[in-house]
Every structure is written in structure tokens, then in C-alpha cells.
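Asker:
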Amino acid sequence: MGYLNDERQFAYAACFAEEIELKWQDRWAADGTFRAPNPVGDLIGDPALTAKPKKFILDMFPYPSGSGLHVGHPLGYIATDVYARFLRMTGHNVLHALGFDAFGLPAEQYAVTTGTHPRVTTLGAITTMREQLRRLGLGHDDRRSVSTIDPKFYKWTQWIFIQIFNSWYDHDQDRARPINELIAQFESGERSVPDSDRPWGKLGPLQRAEVLNLFRLAYPSDSPVNWCPGLGTVLANEEVTPERRSERGNYPVFKARFRQWNMRITAYADRLIADLDHVDWPESIKMQQRNWIGRSNGAQVSFPVGEEEIEVYTTRPDTLFGATYVVLAPEHPQVARIIAGSWPDGTNPAWTGGHGTPAEAVVAYQAQAASRSELDRQAETRHKTGAFTGAFATNPANGDALPVFIADYVLMGYGTGAIMAVPAHDERDFEFARAQELPINNVLALGEGRSDDTSTWERAFITQGGTVVNSSNTTVSLDGLEIAEAKRRITAWLESKGMGEGAATFRLRDWLFSRQRYWGEPFPIVYDEDGVAHALPESMLPVELPEVEDYSPRTFDPDDADTTPVAPLSRNEDWVNLTLDLGDGPQRYRRETNTMPNWAGSCWYELRYLDPTNDRAMVNPQIEQHWMGPREGMPAGGVDLYVGGAEHAVLHLLYARFWSKVLFDLGHVSSAEPFHKLYNQGMIQAYVYRDSRGIAVAADEVQERDGGFYFHGKPVTRAMGKMGKSLKNTVAPDAIFAEFGADTLRLYEMAMGPLDVSRPWESRAVVGQHRLLQRVWRNLVDEMTGKIAVTEAEPDEATYRLLHRTIDEVTRSMRDLRFNTAIAKITELNNHLTKAREPVPRSVAETLVLMLAPLAPHIAEELWSRLGHEVTIVRAHFPVADASANRGAQVSCAIQVDGKVRAVIEVDNDVTEDTLKSIALGNERIQQLIEGHKINRVIVRPPNLVNVAVRRKYG
RNA sequence: GCCGGGUUGAUGGAACAGGUAGACAUAAUGGUCUCAAAAACCAUUGCUCGAAAGGGCGUGCGGGUUCGAAUCCCGCACCCGGCACCA
Numbered sequence: 025m026g027y028l029n030d031e032r033q034f035a036y037a038a039c040f041a042e043e044i045e046l047k048w049q050d051r052w053a054a055d056g057t058f059r060a061p062n063p064v065g066d067l068i069g070d071p072a073l074t075a076k077p078k079k080f081i082l083d084m085f086p087y088p089s090g091s092g093l094h095v096g097h098p099l100g101y102i103a104t105d106v107y108a109r110f111l112r113m114t115g116h117n118v119l120h121a122l123g124f125d126a127f128g129l130p131a132e133q134y135a136v137t138t139g140t141h142p143r144v145t146t147l148g149a150i151t152t153m154r155e156q157l158r159r160l161g162l163g164h165d166d167r168r169s170v171s172t173i174d175p176k177f178y179k180w181t182q183w184i185f186i187q188i189f190n191s192w193y194d195h196d197q198d199r200a201r202p203i204n205e206l207i208a209q210f211e212s213g214e215r216s217v218p219d220s221d222r223p224w225g226k227l228g229p230l231q232r233a234e235v236l237n238l239f240r241l242a243y244p245s246d247s248p249v250n251w252c253p254g255l256g257t258v259l260a261n262e263e264v265t266p267e268r269r270s271e272r273g274n275y276p277v278f279k280a281r282f283r284q285w286n287m288r289i290t291a292y293a294d295r296l297i298a299d300l301d302h303v304d305w306p307e308s309i310k311m312q313q314r315n316w317i318g319r320s321n322g323a324q325v326s327f328p329v330g331e332e333e334i335e336v337y338t339t340r341p342d343t344l345f346g347a348t349y350v351v352l353a354p355e356h357p358q359v360a361r362i363i364a365g366s367w368p369d370g371t372n373p374a375w376t377g378g379h380g381t382p383a384e385a386v387v388a389y390q391a392q393a394a395s396r397s398e399l400d401r402q403a404e405t406r407h408k409t410g411a412f413t414g415a416f417a418t419n420p421a422n423g424d425a426l427p428v429f430i431a432d433y434v435l436m437g438y439g440t441g442a443i444m445a446v447p448a449h450d451e452r453d454f455e456f457a458r459a460q461e462l463p464i465n466n467v468l469a470l471g472e473g474r475s476d477d478t479s480t481w482e483r484a485f486i487t488q489g490g491t492v493v494n495s496s497n498t499t500v501s502l503d504g505l506e507i508a509e510a511k512r513r514i515t516a517w518l519e520s521k522g523m524g525e526g527a528a529t530f531r532l533r534d535w536l537f538s539r540q541r542y543w544g545e546p547f548p549i550v551y552d553e554d555g556v557a558h559a560l561p562e563s564m565l566p567v568e569l570p571e572v573e574d575y576s577p578r579t580f581d582p583d584d585a586d587t588t589p590v591a592p593l594s595r596n597e598d599w600v601n602l603t604l605d606l607g608d609g610p611q612r613y614r615r616e617t618n619t620m621p622n623w624a625g626s627c628w629y630e631l632r633y634l635d636p637t638n639d640r641a642m643v644n645p646q647i648e649q650h651w652m653g654p655r656e657g658m659p660a661g662g663v664d665l666y667v668g669g670a671e672h673a674v675l676h677l678l679y680a681r682f683w684s685k686v687l688f689d690l691g692h693v694s695s696a697e698p699f700h701k702l703y704n705q706g707m708i709q710a711y712v713y714r715d716s717r718g719i720a721v722a723a724d725e726v727q728e729r730d731g732g733f734y735f736h737g738k739p740v741t742r743a744m745g746k747m748g749k750s751l752k753n754t755v756a757p758d759a760i761f762a763e764f765g766a767d768t769l770r771l772y773e774m775a776m777g778p779l780d781v782s783r784p785w786e787s788r789a790v791v792g793q794h795r796l797l798q799r800v801w802r803n804l805v806d807e808m809t810g811k812i813a814v815t816e817a818e819p820d821e822a823t824y825r826l827l828h829r830t831i832d833e834v835t836r837s838m839r840d841l842r843f844n845t846a847i848a849k850i851t852e853l854n855n856h857l858t859k860a861r862e863p864v865p866r867s868v869a870e871t872l873v874l875m876l877a878p879l880a881p882h883i884a885e886e887l888w889s890r891l892g893h894e895v896t897i898v899r900a901h902f903p904v905a906d907a908s909a910n911r912g913a914q915v916s917c918a919i920q921v922d923g924k925v926r927a928v929i930e931v932d933n934d935v936t937e938d939t940l941k942s943i944a945l946g947n948e949r950i951q952q953l954i955e956g957h958k959i960n961r962v963i964v965r966p967p968n969l970v971n972v973a974v975r976r977k978y979g
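This is the structure in C-alpha cells:
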């Protein structure tokens with residue numbers, strides 16, 4: 025190592041850096057430097073600190089992986105740490121902690137193959153990870169580090185589940201309410217039992233339970249689910265890719281019907297969209313959530329078919345007069361009831377498909393549609409098929425008889441599973457109409473070059489602007505109306521006739537909440553002998569995860585759709601069966617044997633950081649209010665800054681918002697949104713080298729020569745990819761610690777580029793940040809003696825100005841999380857000091873060290889202490905720029921004549937108005953310009969534009 | 001197809017709010033130190049014409065607004081991400 029070979033004893037080099045870093049990490053731990061006091065409860069502290077404005081800085085907590093970290097993992101943790109340290113130095117009480125999201129698949133899969141209990145694996149991984157993260161010098165409050173697998177933690181996950189189970193959504197008040205208030209409504213008769221003639225009092229316990237299940241926010245149901253035999257469990261929609269494979273493991277996913285737990289997230293669809301306007305999130309994430317929730321506005325319209333009424337959903341009620349046929353999804357329940365006995369007279373032979381009766385044609389088509397997988401259906405979007413039912417629906421607007429078809433381009437799962445087809449103005453309907461020789465009626469004013477003879481059209485005419493034509497009956501006319509107005513008019517008309525109403529439809533489905541896994545939170549639910557689910561009383565929580573012989577949820581073939589889930593907990597009969605007294609005397613019960621999905625803990629963990637030792641409540645409301653409550657600029661409240669990857673856009677981030685809103689409605693928390701500001705850090709990428717077979721080879725053994733890349737002599741290709749074990753391109757942080765130290769790694773990761781952009785790791789570039797620290801050290805420390813070598817003299821004018829401009833820019837950059845810019849500015853200042861080749865003035869040295877402190881805290885602490893300060897730099901004040909230091913900076917002076925800028929001259933911005941006028945008047949070109957004018961006024965617009973407004977003297 | 005984000009040297013990127021484009025870093029080239037190497041330090045480094053002084057061009061492409069545009073407006077191309085037979 026460099027400094028050992030020469031006489032310089034105190035040069036900043038790798039082993040010296042390590043010595044300094046470990047020393048300060050121990051000091052911080054011993055002093056509890058990063059402990060943030062609560063206003064009340066177990067974790068109270070220094071009242072002066074509590075009184076400061078608070079900030080809650082949060083990372084998406086990690087899954088404790090056993091394979092160790094690579095340099096990509098801590099990017100976000102470094103960023104929040106830098107920001108948290110900056111906030112502490114600018115007078116805030118900062119809560120920053122890191123827990124572990126420790127339930128989940130890898131430990132369970134490891135258990136299946138090795139028999140090692142997942143708890144053992146997971147706790148071991150947590151220990152390893154804590155050590156690795158500690159080496160980065162992260163300033164976390166160690167008392168608040170929670171883990172989702174700790175029964176003291178998941179007791180409250182189960183408690184929240186019970187709160188959700190015991191509530192329903194009141195759409196009139198637009199909030200969740202306790203289920204007892206709904207029961208009271210049924211009992212008093214204020215609300216009648218849906219889909220039943222019988223009053224509440226006449227229903228048996230099982231029937232009552234089924235009725236309540238229609239309202240509960242957590243409810244068991246028999247609806248179709250995503251069954252993934254490969255993982256041995258059912259999955260939420262959000263966990264299934266558009267290709268119908270599992271996001272994790274990429275196994276096939278099938279539709280199946282099993283009784284499972286669901287969360288009624290759809291009740292919150294509107295609020296989940298609306299409240300996005302109150303949070304400071306990246307537009308792309310808001311977009312993804314809006315997309316996923318998928319609200320569309322339109323109308324439901326009734327089309328009478330004989331005795332039946334078919335409800336269709338449309339976003340274009342304005343085109344109702346253009347409807348020429350009606351289509352039902354093949355599996356639509358009303359299909360069987362409307363089929364005509366025989367083909368009506370004059371039926372187009374093309375519609376019969378050669379079948380003797382409509383019933384035959386429909387059954388044949390239904391069979392064909394059922395046999396085609398969803399994937400096939402999507403792949404054949406161009407080719408539209410269907411079958412005529414022989415029935416006709418009446419268009420409520422103009423009384424036309426519209427033939428009713430079934431076709432698989434209409435999906436049962438969206439809207440009402442039935443549509444009115446307007447082939448003139450919908451691409452799919454147009455294709456179907458052409459294939460089936462159906463009429464196409466135009467009802468919109470056409471653009472240039474389009475004939476009103478629809479038989480000549482090659483595609484549908486689709487527009488959101490323009491006006492409606494050919495749309496009137498005796499009581500309503502849409503002709504000439506703008507589309508938006510026509511929608512309102514026809515919807516109002518339909519409502520007045522009782523033939524329809526405005527309606528919104530959502531893409532969002534309820535959240536499937538149970539999993540057939542071992543390594544998750546058990547449900548706090550038992551079933552009585554009738555099969556009615558009961559929540560366990562709070563006194564029986566937590567329901568601890570029992571031991572089992574076999575952790576495996578599956579023994580089947582991933583491609584076999586006909587298997588059924590097996591919950592590992594069901595194998596422990598001693599645990600499953602129990603006798604309890606839930607108020608009606610001792611009864612036999614069976615436990616729920618599914619576990620919660622691994623999203624459960626992460627839906628609320630940030631609340632537990634606030635009050636981790638509370639054994640009487642999830643969180644003390646006063647403490648929650650203190651850290652999370654609504655405040656100025658944050659109407660919904662929430663964490664001040666949340667940093668994590670964008671891959672959770674519609675998973676964790678949506679689920680957590682949902683739970684937050686339920687807890688808010690029930691009065692358990694004061695924030696309706698969990699995370700006020702969200703920031704997505706980019707991914708650290710790395711080169712992937714592949715051999716001729718396309719297999720990744722170890723990146724650190726690849727050599728570059730003559731512009732080509734070789735692995736053990738064989739040529740390989742290079743591409744950019746995610747850093748990871750499977751691509752053999754990981755870089756361990758330990759290697760960087762050993763070569764340069766943690767401060768250098770922190771600086772490098774922050775200097776690579778903007779935090780939210782993915783960028784490539786370049787090991788050879790890391791040394792650049794090490795050089796910065798070396799130069800800072802050399803500028804301040806005598807390397808022979810290790811003593812600080814600064815001068816007490818005042819800085820010269822140029823240095824002073826640069827210093828204050830740097831403070832200003834660094835402060836702004838830090839505030840906006842633009843740490844790369846902050847580092848560049850600090851480097852620029854330090855380069856200036858290096859070039860001066862003179863002792864650095866103390867005031868400049870201290871300011872430099874303070875600015876560096878959030879980014880490279882260890883070296884900053886060391887220098888701060890050598891500069892003679894006893895208090896840790898964490899508690900020091902971040903420098904404040906002297907605004908007047910900007911004096912003398914060059915600015916432009918624009919000369920306006922009659923409100924138009926005619927010329928610009930360069931001046932210093934500390935000149936007075938009079939000087940400006942005389943400069944303006946002394947300039948030959950300006951004189952020409954303003955000849956015949958008089959100077960009206962001088963406008964000084966910060967920072968660097970000064971206008972001299974000149975007005976024509978005469979007239 | 002729809003929606004969102006983007007395009008600046010060899011590379012990662014900087015430029016507050018329209019005001020010296022390319023900060024800062026890497027790489028590269030030359031040099032200092034060294035027996036040598038590493039480390040460290042110094043100098044050069046957008047393209048181009050020129051010996052130099054100095055000039056011309058330049059932020060994906062084409063227009064526009066402005067005294068002045070990487071930045072604002074219109075049109076286009078390409079890249080990344082999300083959604084998609086969603087009525």
C-alpha cells in the first residue's frame with residue numbers, strides 16, 4: 025500500500041481509510057448517534073432534538089438474502105443515508121431505520137431441499153447483511169430495526185388483518201366502517217339483505233356469514249383464481265405477467281376455482297386514483313398505478329331481449345344510435361336464456377355456421393371458445409369469430425332490432441361481459457361486422473376525405489373530438505353536439521327513461537390474499553363446524569407459525585393445471601384442530617391453514633419503526649401523528665421520503681396504500697397515504713460477457729485487447745445487463761472496502777449519475793472518488809505529522825466567492841437528491857484549493873469538510889475532530905451561503921425598448937441603477953438604439969438579468 | 001395502438017428559473033518521480049481550419065418564438081418503460 029513505502033505516514037490510503045472508518049462506526053454505535061427520539065413512549069430522548077422539525081426517511085426494506093450483497097444493492101441505502109445526514113445537519117430530527125422483509129420464497133425453497141428451518145436460514149442471512157451494511161457507515165436507529173418474521177411484529181400484521189376482516193366499505197360515506205355497524209343496519213331493517221327476500225332475522229349463521237362476506241374488506245370467496253402449480257400456490261393478479269406466467273420463477277399460471285381469501289381493494293379504486301394527486305411521486309409510477317386500476321367512464325345501458333334485459337357497458341354512449349348488433353361473452357350467464365328456438369326468417373346463412381338451430385351453433389362456439397386458452401385468444405386479435413343466438417335486442421334509443429351474438433372478443437371479466445357494437449366507431453366491432461356482414465352505421469361527423477358510404481371504409485372512424493350526427497328520436501337529439509356533451513345528454517336521457525345510467529368500470533380486481541406456503545404469517549382465523557370464519561380475539565395473538573415435517577407446498581408438475589393446492593400448515597393436525605370459547609361456550613374449530621402473501625408485512629412496516637417496542641398497540645397514535653400526520657404541503661401525510669426500486673409500482677406500493685387507507689378510515693392512523701414523496705433509484709448495471717453459446721462467463725476474468733473481449737483466449741461478446749449472480753458480473757462491496765474504503769464507495773455510487781437513472785458500474789472509475797478524498801486530505805493535513813495544516817488567514821476574494829457559490833449549489837443539489845452534482849461542486853472547490861498550492865484557510869477547510877460530511881462521513885468526522893471539534897460532525901450545522909458573496913458576478917443587462925429587448929450588455933451585478941444607466945448611455949450601440957427615447961426604469965431580475973426599460977420619448 | 005419518460009464529447013454525466021454548452025469523473029495522450037512497475041502528481045483532451053494568433057461548426061432531425069434556445073412552441077425520427085380484443 026502506497027504510504028507504507030515512502031516517508032509519508034498519514035497519507036489517506038486504503039488501510040488508513042479502513043482504520044478511520046471502523047473507529048467512527050464504533051463511536052457512532054457506542055454513542056447512539058443516530059437514535060431519533062419519539063415525543064412519548066419508550067423511545068423518548070433529548071427534548072431539544074424532539075422539538076426540531078421531523079423527517080422520516082425510509083428505504084424499501086430488504087429481503088435478507090443469504091448470498092451476500094453486491095454493489096448494486098446498497099445504492100438506495102447510501103442515498104437515503106446521505107440525505108438523512110444532510111437533514112440532521114440542517115436542523116431536523118431524522119428517523120432513519122432499516123428492517124427486514126423476511127418472509128418469502130427463497131428461504132422456504134431452501135428448507136424444502138435441505139430441511140433447514142427457514143427461520144434459521146433467514147436469521148443467519150439477517151446477521152450477515154447487518155454486518156455488510158454496517159461497513160457502509162449507514163446512520164440507522166438500531167433500536168427500530170424490525171423484522172416481519174418476529175412474532176412481536178407479525179402479531180400486528182395479524183391484528184391489522186382482523187381489523188380489515190371486521191370492516192366493510194360504506195359507499196355512501198365513502199369510507200370503511202366496522203362490520204358491527206353493518207350488522208346493526210341489517211338487524212334494524214335499515215338495510216335489506218341483498219339478493220334475498222328473507223329478512224336478516226330469518227337467516228341462519230352460515231347464511232349471515234355469506235351475506236357479510238359480500239361486504240367484508242377481507243373475505244373468503246370461490247371466485248376464479250390464478251393457480252400456479254409450479255409454485256404450488258395461488259397468486260394475485262399483480263404477480264402474474266401478461267404472458268400468464270408467475271412473476272417469480274416464470275411458471276405457467278392457470279385459471280381455477282378454489283375458495284381463497286381476498287381483500288376488497290376495488291372498494292378503494294377511486295380513492296387510490298384520486299389521492300395520487302396528493303403525493304409527490306414520479307409520474308411514471310403514478311401512471312402505472314392509474315393504468316393498473318384502469319378506471320374508464322361511460323354508461324351502462326339496458327337492451328331488452330324478449331323478457332330479459334341485457335346490461336352492456338360502453339365508454340361511448342354518444343354512439344348509441346350507431347349500435348347495429350349486441351355481443352355477449354360466450355360464458356355470459358344470460359346466453360342460455362335468450363337463445364331462440366330456431367333461426368329467424370331471413371337469417372343470413374353466414375350467421376348459422378351451418379348449424380340447424382341457434383342452440384347448436386352457440387354450444388359449438390362456446391366449446392370452441394372454452395378450449396382456446398386466453399393466450400390464443402389474444403394472439404388472434406385480427407380474426408374475429410362468433411355465433412348468432414337467433415335473438416334480437418332492442419336499441420333503447422331508436423327501437424332498432426339488433427341481432428345478438430356471442431363472441432370471444434368480448435371478455436366476461438370486464439364491464440358487464442356484454443357490449444353494444446358500434447362498428448362504425450370501434451375497430452374490433454368493425455372487424456366483426458365485416459366478417460359477419462353486419463350493417464355499419466355512421467353517427468359522427470366525418471373528417472375530410474372520408475365517404476359517408478360506410479361500405480367503402482377500410483377501418484372504423486375513431487375520434488374523441490368532433491360532433492354527433494344521425495342521432496335523434498322523438499324525445500332526444502344528439503345531432504350537432506360535441507362528443508362530450510352528447511355523452512352527458514344521452515346518459516341523462518337514458519337515466520330519465522330508466523334504460524341506463526352513468527357508470528365507471530375498473531380493471532382492478534380484488535387482491536387474492538392467501539397462499540399455500542409455509543414461510544408466511546398464519547391467518548388469525550378459525551372455522552366453526554358450519555364452516556363460518558371467525559377472527560381470533562386480540563388476546564390470542566400472535567398465532568405463531570407451527571412446526572411442520574414437510575415445508576413443501578407441492579408435489580406436482582408445473583404444467584398440470586388439474587392439481588390442487590396443499591397448504592403445508594394443514595399437515596400439522598395438532599395445530600389445526602382446537603377447542604375454543606369464542607363466546608358461545610367451548611366449541612371445536614379448525615384453523616385457517618393458508619398463510620398471508622409476502623406483501624403483508626411490507627404493507628405497514630414503516631408504522632412499526634415508529635414505535636417498535638409497543639406491545640399494546642400497533643403504534644401509539646400520538647407517535648404516528650408526530651412522524652406521519654398530515655402537515656403543510658402534505659395533505660394526506662406520510663413518510664417524507666421513500667426510496668426504492670420501480671419494480672414495486674403496482675405491487676407493494678399499491679397494497680401499502682390500500683392498507684393505509686383502511687387503517688385511516690378506521691381511525692388507527694392519521695395519514696391516508698403511507699409515502700408522501702417517492703423516489704425510484706435506478707439499477708446499477710454491469711457488462712455481461714457471453715461466449716459463442718450465449719452463456720455468461722465470469723466478467724472479472726475477461727480481458728480486453730485490440731477492441732475485442734476474450735475469456736481464456738476465446739472471444740466473447742459484451743452487453744449491458746442487470747448485475748447479478750446468474751450473469752456472473754457481480755462486484756462485491758467488500759472488494760471496494762478493501763481497496764478504497766466505504767467513503768469512496770459511497771461517493772462513487774452517488775457520483776455515477778442521477779439517482780433515478782440506471783447506469784453501468786465501472787470498477788476502474790471508482791479510483792476517481794478515492795483521489796478526491798486523497799486530495800481533500802492532502803489539502804488539510806500535513807502528511808508527515810498528521811497534524812492539521814491550515815492557515816488562520818482569511819480566504820482571498822476569488823476563493824471566498826467560489827466557496828459561497830459552492831455552498832449554495834451543494835445545498836440546492838442535496839435538497840433535490842442530486843448528489844452527483846453536489847459531489848462535482850465540492851470537487852471543483854477542492855481542485856481550486858489544490859491548484860492554489862497554499863495552506864487552506866481554516867474557514868474554507870471547515871466548510872469543505874462539513875459539505876463532505878453527508879457523503880463521506882468517516883473522513884469528514886476524522887478531519888472535523890482533527891480540526892479541533894469535540895462534537896460529532898453529525899450534529900454540526902451544514903454551512904449556509906453568504907448571499908452577498910455573489911457580488912461582482914458578471915450578469916447581463918438587457919436593454920428594452922417599448923417592451924422589447926433590443927440589446928444586451930455585460931455588467932457586474934453590484935452596480936447601482938445610476939451606474940447602469942450611465943453604462944447604457946455610454947455604450948455607442950445602445951445610444952443608437954435609444955436615440956429619441958428616454959430610460960423609463962431599471963428592473964433587476966435575479967440572478968443575472970437586469971433590464972433597462974426604455975420608452976419612446978415622444979408618442 | 002394508447003400512455004409515460006428520454007436522445008448533450010470516446011464513456012458516465014453537468015448546466016438554478018432561456019444568459020460563457022460540455023462542470024465533475026473515467027478513459028486516452030504526453031510528462032514528473034522510479035532500476036522498473038504500481039500509486040501519486042502535472043499538462044492536453046467536443047469537432048474542424050490554422051505553425052500560431054485566431055476563426056468556423058456544434059446539445060437526435062426539420063422549422064418557429066427570442067437580442068439570446070440543450071432549455072420554450074410545432075412537426076418528425078429513434079430509444080427505454082408500462083398497458084393493451086378493457087368496450
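If you're matching positions, the first sequence starts at 25 in my numbering and goes up one per residue. Cβ atoms here follow ideal geometry from the backbone N, Cα and C, with glycine treated the same way. Computed from a predicted structure; not experimentally measured.
Between which two residues does the beta strand (DSSP E) holding residue 285 run?
Answerer: Here residue 285 corresponds to residue number 261 of the first sequence, with the count starting at 1. Segment 284 to 287, the beta strand (DSSP E) holding residue 285.
Asker: At the level of alpha carbons, what is the spacing between residue 37 and residue 803?
Answerer: Indexing the first sequence from 1 puts residue 37 at position 13. Indexing the first sequence from 1 puts residue 803 at position 779. Cα to Cα, residue 37 sits roughly 15 Å from residue 803.
Asker: Between which two residues does the beta strand (DSSP E) holding residue 611 run?
Answerer: Here residue 611 is taken as the residue at index 587 of the first sequence, counted from 1. 610 to 615 is the extent of the beta strand (DSSP E) around residue 611.
Asker: Restricting to runs no shorter than 3 residues, where is the beta strand (DSSP E) found entirely within the stretch 234 to 270?
Answerer: Entirely contained in the stretch 234 to 270, the beta strand (DSSP E) runs reaching 3 residues are, in chain order, 242 to 245, 248 to 252, 257 to 259.
Asker: How far does the alpha helix (DSSP H) with residue 845 in it reach, from first residue to last?
Answerer: Position 821 of the first sequence, counting from 1, holds the residue named residue 845. Per DSSP, residue 845 belongs to the alpha helix (DSSP H) from 843 to 860.
Asker: Give the C-beta separation of residue 426 and residue 347 to the nearest angstrom, bearing in mind that I take them to be a contact with Cβ-Cβ under 8 Å.
Answerer: Locating residue 426 in the first sequence gives position 402, where the first residue counts as 1. Locating residue 347 in the first sequence gives position 323, where the first residue counts as 1. So it is a contact: roughly 6 Å between Cβ atoms.
Asker: If you follow the beta strand (DSSP E) that residue 79 is in, where does it begin and where does it stop?
Answerer: Position 55 of the first sequence, counted from the start, is the residue given in the question as residue 79. Element bounds for residue 79: 78 to 83.
Asker: In three-state DSSP terms, what is residue 121?
Answerer: Numbered from 1 along the first sequence, position 97 holds the residue referred to as residue 121. Looking at residue 121 - three-state DSSP - the assignment turns out to be coil, as it is neither helix nor strand.
Asker: Since I believe residue 823 is in contact with residue 794 (beta carbons under 8 Å), could you give me their beta-carbon distance rounded to a whole number of angstroms?
Answerer: Looking up residue 794 in the first sequence gives position 770. Looking up residue 823 in the first sequence gives position 799. Contact flag wrong, Cβ pair sits at about 25 Å.
Asker: By how many angstroms is the C-alpha of residue 235 removed from the C-alpha of residue 219?
Answerer: Reading the first sequence from its first residue, position 195 is the one you call residue 219. Reading the first sequence from its first residue, position 211 is the one you call residue 235. In a straight line, the C-alpha of residue 219 is about 9 Å away from that of residue 235.
Asker: Just to confirm, are residue 830 and residue 849 a CB contact at a threshold of 7 Å?
Answerer: Within the first sequence, the letter at position 806 stands for residue 830. Within the first sequence, the letter at position 825 stands for residue 849. Yes; because the gap between Cβ atoms is below 7 Å, this pair is in contact.
Asker: Mind checking which residues open and close the beta strand (DSSP E) that includes residue 315?
Answerer: For the purposes of this step, residue 315 is taken as residue 291 along the first sequence, with counting starting at 1. Counting along the chain, residue 315 falls outside any beta strand (DSSP E), though it belongs to the alpha helix (DSSP H) covering 307 to 317.
Asker: Exposed or buried, which one is residue 846 when buried takes at least 16 other CB atoms within 10 Å?
Answerer: Residue numbering aside, residue 846 sits at position 822 when the first sequence is read from its first letter. Result: buried.
Asker: Reducing DSSP to helix, strand and coil, say where residue 967 ends up.
Answerer: Within the first sequence, the letter at position 943 stands for residue 967. Residue confidence for residue 967 is low, a pLDDT of 38 falling below 50, so the modelled location carries little weight; the figure read from the coordinates is stated next. In the structure shown, residue 967 sits in coil (DSSP, three-state: anything other than H, G, I, E or B).
Asker: Is the Cβ-Cβ distance between residue 325 and residue 96 less than 7 Å?
Answerer: Residue mapping note: residue 325 aligns to position 301 of the first sequence, counting from 1. Residue mapping note: residue 96 aligns to position 72 of the first sequence, counting from 1. Taking 7 Å as the Cβ cut-off, residue 325 and residue 96 do not qualify as a contacting pair.
Asker: So residue 319 packs on residue 293, CB below 8 Å; how close in whole Å?
Answerer: For the purposes of this step, residue 319 is taken as the residue at position 295 of the first sequence. For the purposes of this step, residue 293 is taken as the residue at position 269 of the first sequence. At roughly 7 Å, the Cβ-Cβ gap stays under 8 Å, so residue 319 and residue 293 are in contact.
Asker: With DSSP collapsed to three states, give me the class of residue 94.
Answerer: Looking up residue 94 in the first sequence gives position 70. Coil at residue 94, not helix or strand.
Asker: By alpha-carbon positions, which one of 495, 527, 534, 595 ends up nearest to residue 542?
Answerer: Here the question's residue 542 lines up with position 518 in the first sequence. When each option's Cα is compared against that of residue 542, the closest is 595.
Asker: Can you tell which of 231, 290, 477 has the C-alpha that lies nearest to the C-alpha of residue 198?
Answerer: Working through the first sequence from its first residue, we reach residue 198 at position 174. When each option's Cα is compared against that of residue 198, the closest is 290.
Asker: Who are residue 491's beta bridge partners in DSSP?
Answerer: Numbered from its first residue, the first sequence carries residue 491 at position 467. 506.
Asker: Within 10 angstroms of the Cβ of residue 263, are there 16 or more other Cβ atoms? Answer buried if so, exposed if not.
Answerer: Numbered from 1 along the first sequence, position 239 holds the residue referred to as residue 263. The residue in question, residue 263, is buried, as its Cβ has 16 or more Cβ neighbours within 10 Å.
Asker: Assign residue 429 to buried or exposed, taking buried as 16 or more other Cβ atoms, counted over all protein chains shown, within 10 Å of its Cβ.
Answerer: What you label residue 429 is simply residue 405 of the first sequence in a count that begins at 1. Classification for residue 429: buried.
Asker: When the distance is taken between beta carbons, is residue 783 closer than 7 Å to residue 777?
Answerer: As a first step, residue 777 must be located in the first sequence, where it is residue number 753. As a first step, residue 783 must be located in the first sequence, where it is residue number 759. Taking 7 Å as the Cβ cut-off, residue 777 and residue 783 qualify as a contacting pair.
Asker: Could you give the DSSP three-state label for residue 640: helix, strand or coil?
Answerer: By 1-based counting over the first sequence, the position of residue 640 is 616. DSSP places residue 640 in coil when its eight states are reduced to three.
Asker: Would you tell me roughly how many angstroms separate the C-alpha atoms of residue 906 and residue 759, rounded to the nearest one?
Answerer: Here residue 906 is taken as the residue at index 882 of the first sequence, counted from 1. Here residue 759 is taken as the residue at index 735 of the first sequence, counted from 1. Cα-Cα distance, rounded: 41 Å.
Asker: Near residue 578, which residues of its chain fall below 6 Å by C-beta distance, leaving aside the five closest residues on each side in sequence?
Answerer: Position 554 of the first sequence, counted from the start, is the residue given in the question as residue 578. The answer, listed in chain order, is 256.
Asker: Going straight from the alpha carbon of residue 339 to that of residue 323, what length do you get?
Answerer: By 1-based counting over the first sequence, the position of residue 339 is 315. By 1-based counting over the first sequence, the position of residue 323 is 299. About 6 Å.
Asker: Verify whether the separation of the beta carbon atoms of residue 667 and residue 630 is less than 7 Å.
Answerer: Counting from 1 along the first sequence, the entry for residue 667 is found at position 643. Counting from 1 along the first sequence, the entry for residue 630 is found at position 606. No, the Cβ-Cβ distance between residue 667 and residue 630 is not below 7 Å.
Asker: Using alpha carbons as the reference points, say which of 160, 746, 509 lies closest to residue 52.
Answerer: In the first sequence, the residue the question calls residue 52 occupies position 28. With distances taken between Cα atoms, residue 52 lies closest to 160.
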